[in-house]
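For the sequence shown, the numbering used here begins at 1 and goes up steadily by one.
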Amino acid sequence: MQADLSPVIAATAQWLTRAFPASGGALASALCEVQARQAVTVAAWLRYPTAMDAALLGVAGPGGSGRLDWVTGADAVLDDDTDAHAWRTWVDEVVASWAACLLTDPELAARAVAALADGSHSTGTPAEFRRLVTPDDSDRNAAALLRHPDLLAPVAGLHQEQLRARLNPGRTLIA
């Protein structure tokens, strides 16, 4: 049984970088991919905090990119070659939405990385998420589309409230 989130992380990061590609050459693409992968990793670790959660995901499957493709309009450009798009079945909509939230809100990203300190996935070093939490100018320029709040709003809005609830545990709801 698979207790590893790497297929979901890889597929979801790939979906983000294809939907919101880097602007520039090879270095910009690499910087954009690193930022997407860091955001997706944090989101996946928050969404599936234990090995059991990851194992259950491996059994049930993440759901695929269908709704995300529809929301962003990417479904119109997909061809009928299902083998070429098989990786899309490993995209997790909630993880992509949470990653979009983290990419567009630095404060939320910092809170999310801090929340990982108690989890079973993290090595305890927040420096591994530097490009997500404190991007420099070259990071921002390379991932201009990936970090654009208006462009990511449809994806981020899908599950933003769940992320906020996850980062604010114990908050009493008032009716």
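Ideal Cβ placement from N, Cα and C applies to all residues, glycine included.
Residue burial classification, residue i (beta-carbon count within 10 angstroms, cutoff 16)
i	result
arginine 18	exposed
glutamate 107	exposed
proline 169	exposed
alanine 84	exposed
glutamate 33	buried
threonine 27	One detail in the question is off: residue 27 reads as leucine in this sequence, not threonine. Per the 10 Å Cβ criterion, exposed.
valine 54	In the sequence as displayed, the identity of residue 54 is alanine instead of valine. It is buried - the Cβ of alanine 54 has at least 16 other Cβ atoms within 10 Å.
leucine 57	buried
glutamate 161	exposed
C-beta contact flag for residue i and residue j at 7 Å
i	j	result
alanine 36	leucine 5	no
valine 155	alanine 100	yes
leucine 102	alanine 114	no
alanine 22	leucine 132	no
valine 94	histidine 148	no
leucine 104	leucine 152	The question names leucine, yet the displayed sequence has threonine at residue 104. Cβ distance < 7 Å, so threonine 104 and leucine 152 count as in contact.
Cβ neighbours of residue i in the same chain (closer than 7 Å, five flanking residues each side left out)
i	result
threonine 41	Ile9
tryptophan 98	Ala43, Leu46, Arg47, His159 and Leu163
glycine 63	Asp92 and Glu93
phenylalanine 129	Gln38, Val42 and Val113
arginine 166	Leu46
serine 29	Ala22
Same chain, Cβ closer than 8 Å to residue i, five either side skipped, listed in chain order
i	result
tryptophan 15	Ser65, Leu68, Arg88, Val91 and Ala96
aspartate 75	Gly66 and Asp69
proline 7	Trp90
threonine 72	Ala19, Pro154 and Val155
Close-in-space but distant-in-sequence residues of the same chain around residue i (CB under 6 Å, 5 per side omitted)
i	result
threonine 12	Val40, Val91, Asp92, Val95 and Ala96
phenylalanine 20	Leu145 and Leu146
histidine 121	Trp45
leucine 31	Asp139 and Ala142
Practice prompt. Evaluate contact between the segment 140-147 and the segment 58-68, counting only Cβ atoms and requiring at least three cross-stretch pairs below 8 Å.
Written response: Counting Cβ pairs under 8 Å, fewer than three are found: no touch.
Worksheet item: For the segment 21-89, which segments carrying the alpha helix (DSSP H) assignment without a break, of at least 4 residues, lie completely within its bounds, in sequence order?
Response: Fully enclosed alpha helix (DSSP H) runs of no fewer than 4 residues occupy 26-47, 51-60 and 66-72 of the segment 21-89, in order along the chain.
Discussion item. Just to confirm the assignment: which complete alpha helix (DSSP H) runs, minimum length 4, are found wholly within the segment 134-163?
Written reply: Within the segment 134-163, the complete alpha helix (DSSP H) runs of at least 4 residues are 137-142.
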